[in-house]
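K.L.:
Number of protein chains: 2
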Amino acid sequence: MQTHFNPVTPEVLAALRQAVGDKYVKTDEDCLTAYQTDEEGNSHFFQKPEVVVFPGTTEEVAQIVKLANTYVVPITPRAAGTGVACGAIPIYKGIVVELERMNKILTLDAENMYAVCQPGVLTGDLQREAKKYGLLYAGDPSSSDSCQIGGNVANNAGGNKAVRYGTTRHQIYSLQVVTPTGEIVTVGGRLQKCSSGLCLEQLIAGSEGILGIITEITLRLRPLPPYAFNMVCVFTDDTAAFALPNKILKAGINPTSIEYMDREALQMTCKFLDMSMPHVQEGCSYVIVTVETFDEAELDRKMEQLCDLAEQNGSIDEFEADKRIWTLRKQFAEAARNIDKMYQAEDFVVPLDKISAITAQLPELREKYDLYCVTVAHIGDGNIHVLPLNNKGLSPEAWFEKIKEFHRDLFPRVYALGGKMSGEHGIGYKKRDEFARCTSAEELQLIRSIKRAWDPKQIMNPGKLIAVE
Amino acid sequence: MQTHFNPVTPEVLAALRQAVGDKYVKTDEDCLTAYQTDEEGNSHFFQKPEVVVFPGTTEEVAQIVKLANTYVVPITPRAAGTGVACGAIPIYKGIVVELERMNKILTLDAENMYAVCQPGVLTGDLQREAKKYGLLYAGDPSSSDSCQIGGNVANNAGGNKAVRYGTTRHQIYSLQVVTPTGEIVTVGGRLQKCSSGLCLEQLIAGSEGILGIITEITLRLRPLPPYAFNMVCVFTDDTAAFALPNKILKAGINPTSIEYMDREALQMTCKFLDMSMPHVQEGCSYVIVTVETFDEAELDRKMEQLCDLAEQNGSIDEFEADKRIWTLRKQFAEAARNIDKMYQAEDFVVPLDKISAITAQLPELREKYDLYCVTVAHIGDGNIHVLPLNNKGLSPEAWFEKIKEFHRDLFPRVYALGGKMSGEHGIGYKKRDEFARCTSAEELQLIRSIKRAWDPKQIMNPGKLIAVE
């Protein structure tokens, strides 16, 4: 690719070493190879950086960014690299800024229910630490045991508690950010409401690293409801399954999550985990509803109410499941990877009343593109994970081309229903061109103008979300 | 003021008439005088526009904005004009764009729990319309019977249900906006989660008209809980009163609101309404807790739990109040206005654990600036309304100067505690200079660069939130 960027010269390397210390600047081949991809399995997308730096402080991050501006070298920020949109792949080479050393929970104030985290904190660690104090960190991507808070914020990660608590952006009080020109700024505040200036923390959350590097995050914690049930509602008719969430929400049951697994997903994951679950062999699909309360009587009442609703709406059986149901749900991606490491994780999102309309089109698309697909969904959010698996062993290039064609057909259908192409994975590099195609010229112009204003040299995660100009 | 703006010439007027029709372009003195202020009562801030236009469609708004760009004439967008930060005062004269004709609820989809509104819809009308279908529109400024949705969004209005449901920004699915260059753009979507591009709807919400004119708003509705109580907890010790919200929140009671009225506020408002309430004459303050549930048993349990908590934390009495308690709370501002139409409505916000620390400084400030103050607070949000009343009859200029001095002393104390100067009223023109003083240079730079990028001629609500460059 022809660009305005400069290579990482010995002079740049020397300056980086000066900034963060020799041992935190790596250029050995093993390291560069390790950073050629994130969770992406298709080698078509792989690209090695020229150098990986491991800053230990916000000030060091700021120094790196200033250097990158001076030398016009691209930067790719990275936390755990568990993203699936090629957001952490250094497509223009340059510098990968790996934040894993900044992995401390700086504050966990149980009395006032908040935590201050560095970006490299494992999401699961924060969840567990909060739980010790009877508190909940409500951000809960399925990858919580491998992903990190900084990446969650940059991507506005969703996950399994979004029905009740929202996505990562809804957990944020404030962010400390190194801007694309290397300034350190704190935006937002530990406040329940605010009308003092522009809401920059929400602009930066979900901006996929193109507006700066997040170096500290103040997060809301919540009281942890002590009572919970997981109810599996079993369906033979998916249209009925897809209609259930809205009924649950309207009834005021306030579920923590409503998940869906289709027949193929259930069978594949049960086989992978060597697990047996009711009705799976019969070819049924599941709607899994989790409800949490602060009172046992309330829990019982809601369980009864939910079972009634499910039965009235076409469920053929309901059973209470233990925590293993979440192992099944969360291990789904691993089961897919076990069949095909290049599997494509779609995560489009539609209004709840449009789930049936979009999923009804999937058989046609599967046939047209000769794809084997399994489907799970955060169905309470309208967020559908269709996973085409490359189970016929196409080459990386051929698979890339096939998925490209599939996307060009799928996404306009999603947008026509008022949906968007990503509910929680982000656009990254992988869906960037489709994003430009599906988004209005006026909106793209607003996005580009912010990028230009904040990052005149376009060094910050270039080529993600929008193309380099 | 010397500016780069041009006056509204006969040529501009002719073009405006062409755009929206003769009868919707007004230049008569009565009309201009009516638009010289919003809710502001101090004539120091008054400024007449040169023309008021009343567009009926988004396309007409876009035409007006394009004209204003061509002729470099400032625009001040306005809904109901109930703001208290001089946000709708045309400080550079030019054109006021009054959106009151765009007052339709375009869609109210009860099945899917959302509404599409034009900006001039009265907030109370949307609340009442939703209620007919057993639904709740959760945005609830105290001025709901006079304010309009467009203004609520532009200001990120807060109000009385924010503890449970958040502020206006948390009710937004998507916005149709006319950008400062006159493009029509829709941002956001009717989606429960989204990671597809920058979160422009949250950037625009609360931007006080400096980033565009909001012409259509898609709002979330929620199931309306059928059971409710309002519990008044009576305090003689304010420190104990201020500590109660956090205990309630941690217990998982999930209140809809927690309000506070101090002794002066209670006495003033009871007198104004000719109302008698328990313990008011004894000089007590109130914490009013509203809880809503979908189940009667749950309501009873929470009431018991709340009374126990209140008693353990220094409440001297608790009593259940009927809806009149909300008349008392909401008529407080009218009672203040009755004493002094220039009353200054502070609305700073601090973390919940800092409420005592800031309110403890108020007696000193009151004495130092010889101010008579009454205080109410959305105490569950840390949002404090201290209202200095000009009960000594100072001139508009003298009162303006006094308040300026008071702000210069007060706001740095608020920020030192992690607070901000406005929780729900916005910065507008009134607090703009203090905002610049209290906000970091880096954050201001980010705000200004977005403004510059989107509004190169700075015609859109100039001088609000940030100064014209």
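Protein chains in written order, with the numbering used here: chain A, 4 to 472; chain B, 4 to 472. Beta carbons: idealized from backbone N, C-alpha and C, even for Gly. Owing to the predicted nature of the structure, the values given are computational and were not obtained by experimental measurement.
#1: Taking the CB atoms as reference points, tell me whether S507/B and D350/B lie closer together than 7 Å.
#2: Spell out a yes or no on whether the region 367 to 386 of chain A and the region 61 to 69 of chain A are touching, meaning 3 or more CB-CB pairs, one atom from each, closer than 8 Å.
#3: When DSSP builds the beta bridges, which residues end up paired with G191/B?
#4: G44/B: which of K467/B, A339/B and Q461/B sits nearest, CA to CA?
#5: Listing by chain order, which chain A residues have their CB less than 8 Å from the CB of A165/B?
#6: Checking the sheet assignment: what are the DSSP bridge partners for C376/B?
#7: In chain order, what residues of the same chain have a beta carbon less than 6 Å from the beta carbon of G90/B, not counting five sequence neighbours either side?
#8: For N257/B, I'd like the list of residues in its chain whose CB is within less than 7 Å of its CB, leaving aside the five on either flank, ordered along the chain.
#9: P459/A CB to nearest chain B CB: under 7 Å?
#10: Following the continuous beta strand (DSSP E) through R304/A, name the residue where it begins and the one where it ends.
#11: Taking 8 Å as the cut-off, does the region 30 to 44 of chain B touch the region 453 to 469 of chain A (at least 3 CB pairs, one atom from each stretch)?
#12: Short check: CB of S318/B to CB of C236/B, under 7 Å?
#13: Out of V99/B, E446/B, L178/B and H7/B, state which residue places its alpha-carbon closest to the alpha-carbon of E503/A.
#14: In this structure, does DSSP put L227/A in helix, strand or coil?
#15: Could you name the residues of the region 161 to 193 of chain B whose beta carbon sits closer than 8 Å to any beta carbon of chain A, in the order they occur along the chain?
#16: In terms of alpha-carbon separation, which member of T182/B, L397/B, R440/B and S147/B lies closest to L413/B?
#17: Could you spell out the range, first to last residue, of the alpha helix (DSSP H) harbouring L129/B?
#18: Which bits of chain B does N115/A rub up against, with CB to CB less than 8 Å?
#19: I'd like the span of the alpha helix (DSSP H) that includes I361/B, first residue to last.
#20: Check C120/B in the structure and name its three-state DSSP category.
#21: Alpha carbons only, please: which of G97/B, I98/B and P58/B is nearest the one belonging to M105/B?
#22: Output the distance between the C-alpha atoms of G422/A and A300/B, rounded to the nearest integer angstrom.
#23: So which residues of chain A does H428/B contact, with C-beta pairs closer than 7 Å?
#24: Express the C-alpha separation of F245/A and M463/A in angstroms, rounding to a whole number.
#25: Roughly how many angstroms separate the alpha carbons of V11/B and P52/B, rounded to a whole number?
#26: Under 8 Å by Cβ, that's how I've got V283/A and L269/A pegged, so tell me the actual separation to the nearest angstrom.
#27: Along the region 212 to 246 of chain B, where does the CB come closer than 7 Å to a CB of chain A? Name the residues.
#28: Along the chain, where does the alpha helix (DSSP H) that runs through T61/A open and close?
#29: Under 9 Å between beta-carbons, which chain B residues line up against K423/A? List them in chain order, please.
#30: Would you call the CB atoms of P93/A and F8/A closer than 7 Å?
#31: Does DSSP classify H381/B as helix, strand or coil?
#32: Report yes or no: is there a C-beta of chain A within less than 7 Å of the C-beta of G255/B?
#33: Does DSSP classify T40/B as helix, strand or coil?
#34: Answer with buried or exposed for D356/B, where buried requires no fewer than 16 other C-beta atoms within 10 angstroms of its C-beta.
#35: Under the rule that 16 or more other beta-carbon atoms within 10 Å means buried, what is L390/A, buried or exposed?
#36: Along the region 47 to 72 of chain B, what residues have a CB closer than 9 Å to any CB found in chain A?
P.N.:
In short, the structure shows the following:
#1: The structure shown does not extend to residue 507/B, since chain B spans only 4 to 472, so no value can be given for it.
#2: Contact annotation: the region 367 to 386 of chain A does not touch the region 61 to 69 of chain A, with fewer than three C-beta pairs closer than 8 Å.
#3: DSSP, once it has assigned bridges, lists S177/B as partnering G191/B.
#4: If we check each option's Cα against that of G44/B, A339/B comes out closest.
#5: Those are Q195 and K196, listed as they occur along chain A.
#6: According to DSSP, C376/B bridges with P391/B.
#7: Excluding residues within five positions, the ones whose Cβ falls inside 6 Å are E211, G429, G431 and K467.
#8: So the qualifying residues of the chain are R167.
#9: In terms of beta-carbon proximity, P459/A stays away from the interface with chain B, with every pair separated by 7 Å or more.
#10: Annotation: R304/A is outside any beta strand (DSSP E); the continuous alpha helix (DSSP H) that includes it extends over E299 to Q315.
#11: By the criterion of at least three beta-carbon pairs nearer than 8 Å, the region 453 to 469 of chain A is not in contact with the region 30 to 44 of chain B.
#12: In terms of Cβ geometry, S318/B and C236/B form a close pair [threshold 7 Å].
#13: Outside the displayed span of chain A (4 to 472) sits residue 503/A, for which this structure offers no information.
#14: DSSP places L227/A in coil when its eight states are reduced to three.
#15: Answer set for the region 161 to 193 of chain B: G161, A165, V166, G169, T170, R172, T182, E186, I187, V188, T189, V190, G192 and R193.
#16: Taking the Cα of L413/B as reference, the smallest distance to any Cα among T182/B, L397/B, R440/B and S147/B is reached at R440/B.
#17: In the DSSP assignment, L129/B falls within the alpha helix (DSSP H) that extends over T126 to K135.
#18: One finds N249, P354, L355 and D356 in chain B with Cβ atoms closer than 8 Å to the Cβ of N115/A, taken in chain order.
#19: Its alpha helix (DSSP H) spans residues I358 to T362.
#20: For C120/B, the three-state secondary structure derived from DSSP is strand.
#21: Nearest of G97/B, I98/B and P58/B to M105/B, Cα basis: P58/B.
#22: Each residue's Cα considered, the two are about 39 Å apart.
#23: Neighbours of H428/B on chain A, chain order: S198.
#24: Answer to the nearest angstrom: the Cα atoms are 40 Å apart.
#25: Spanning the two alpha carbons is a distance of roughly 10 Å.
#26: The pair is a contact, with the Cβ atoms about 5 Å apart (cut-off 8 Å).
#27: Per Cβ criterion, the list reads P226 and P228.
#28: Counting along the chain, the unbroken alpha helix (DSSP H) around T61/A starts and ends at T61 to Y74.
#29: Neighbours of K423/A on chain B, chain order: G192, L194, C197, S198, S199 and G200.
#30: For the pair P93/A and F8/A, the CB atoms are not nearer than the 7 Å cut-off.
#31: Correct three-state label for H381/B: strand.
#32: It does; some Cβ of chain A falls within 7 Å.
#33: Coil, per DSSP.
#34: D356/B should be labelled buried.
#35: The residue is buried, with at least 16 neighbouring Cβ atoms inside 10 Å.
#36: In summary, no residue of the region 47 to 72 of chain B has a CB separated from any CB of chain A by less than 9 Å.
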